[in-house]
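Asker: Following this message is one structure expressed as C-alpha cells.
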Amino acid sequence: MMKLDYVSSQKRGETDRLLAELATELRADGLALRGLVKELSYTAAYQNGCDMSVCVLPEGPAIKITQNLGVGSDACRLDPAALAEAVAQVERCGLEGADLFILNKFGPEEAAGRGFCAAIGRALEHDIPVLVGVGAANKDAFQAFAEGLAEELPDDSGALRNWYIAVRGVTWFEATP
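For the sequence shown, counting from 1, position 87 maps to 76 in this note's numbering; every step adds exactly one.
Below is the structure:
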C-alpha cells in the first residue's frame, strides 16, 4: 500500500493540534499508533513558538526537544540530543501491530535526511500508513523525500479521519464532519 501523506496549515500551531487530537481520537477507538505528536498541554516559555515538548506514541514518554538559549534569542531552539532521544524512543516502540505512523513535523533534520526519515521508511516498508505535518519551509524537501507521491490533506480534523478510513478501509467508527 505504501501511503504517505501530509497536512500543513498556515494557522500557527494548527498542524500540531490536528495531529495530536487525531492521535488521541484514534487511540480512544482502539487503534495502535506509532510516531510522535506535540504535547498540547505543554506551556511554551517563549513567544516565538520554538519551545516544545513531544509525546512518543502510543503512550509516552514526553520529551522536551528544545533548549533554553536565553530570553533574547530568536534562534531555533531545537535540541539535537533531545531529538535523537525522541527518534530512539520511537524506534524502540517498534512497528508491531501499528495501524498508523504519525509525525508532528517533517523539519530541518528530516529535510537533511536525518531525524525520523528512517522510521518513516520502515513504517512504509511494513505497509503502515504515514501522516506527517509539514511546514511551508520544508514542503519542497518533503516532496523530494516522498518522491512526489505524497498528497496534501486539508487542515481539517474530519478530513484527516476520513483519510484514515479511506486508507485503511476501516468501518468500526464513524468519521464526524
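All residues carry an ideal CB built from backbone N, CA and C; glycine is no exception. This one's a predicted model, so the numbers in the text were calculated from it and none came from an experiment.
So leucine 8 and glycine 137 are in contact, right, with Cβ under 8 Å, and what is the actual spacing, rounded?
Answerer: Not really, about 22 Å apart at Cβ, beyond 8 Å.
Asker: Could you say which of Gly49, Gln56, Gly124 and Pro47 lies nearest to leucine 142 if we only look at CA atoms?
Answerer: Gly124
Asker: Do aspartate 144 and valine 45 have their C-beta atoms within less than 8 Å of each other?
Answerer: no
Asker: Find out if the Cβ-Cβ distance for the pair tyrosine 153, leucine 67 is shorter than 8 Å.
Answerer: no
Asker: Looking at C-alpha atoms only, which residue of Ala100, Ala101 and Gly49 is the closest neighbour of alanine 77?
Answerer: Checked all of Ala100, Ala101 and Gly49; the closest Cα to alanine 77 is Gly49.
Asker: For alanine 139, does the three-state DSSP call read helix, strand or coil?
Answerer: coil
Asker: Could you check the C-alpha separation between alanine 126 and leucine 25 for me, to the nearest Å?
Answerer: 20 Å
Asker: How many Å lie between glutamate 74 and glycine 147 at the Cα?
Answerer: 32 Å
Asker: Sort Leu20, Ile54, Val156 and Glu80 by Cα distance to alanine 71 and report the nearest one.
Answerer: Ile54
Asker: CA-CA distance, alanine 133 and asparagine 93?
Answerer: 18 Å
Asker: Over what stretch of residues does the alpha helix (DSSP H) that includes leucine 29 continue unbroken?
Answerer: Unbroken run through leucine 29: none, as it is neither H nor E.
Asker: Relative to the alpha-carbon of methionine 41, which residue among Gly2, Asp116, Pro118 and Ala135 has its alpha-carbon at the smallest distance?
Answerer: Out of Gly2, Asp116, Pro118 and Ala135, the CA that lies nearest to the CA of methionine 41 is found in Gly2.
Asker: Can you grab the Cα-Cα spacing for the pair glycine 86 / valine 156, in whole Å?
Answerer: Across the structure, glycine 86 and valine 156 are spaced so that their CA atoms are roughly 16 Å apart.
Asker: Give me the Cα-Cα distance between glycine 110 and valine 79, rounded to the nearest whole angstrom.
Answerer: 13 Å
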